[in-house]
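Residue numbers (full-length UniProt numbering): 1 to 45.
Here a beta-carbon is modelled for each residue, glycine too, at the ideal position from N, C-alpha and C.
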């Protein structure tokens, strides 16, 4: 029983790390896209 709790905690930790990486990638892409968009808007003016 103790082992299964430990295994579940490990799975949750791994998922948490994966989610954090995905979030960081997504956020970096969002910042990049925002920068590109503002550059395009400047060229329009």
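CA-CA distance, residue 28 to residue 38, rounds to 16 angstroms. Non-local beta-carbon contacts of residue 23 in its own chain, meaning distances under 7 angstroms to residues more than five positions away in sequence, are absent. Our two residues, residue 3 and residue 17, have alpha carbons roughly 21 angstroms apart in a direct line.
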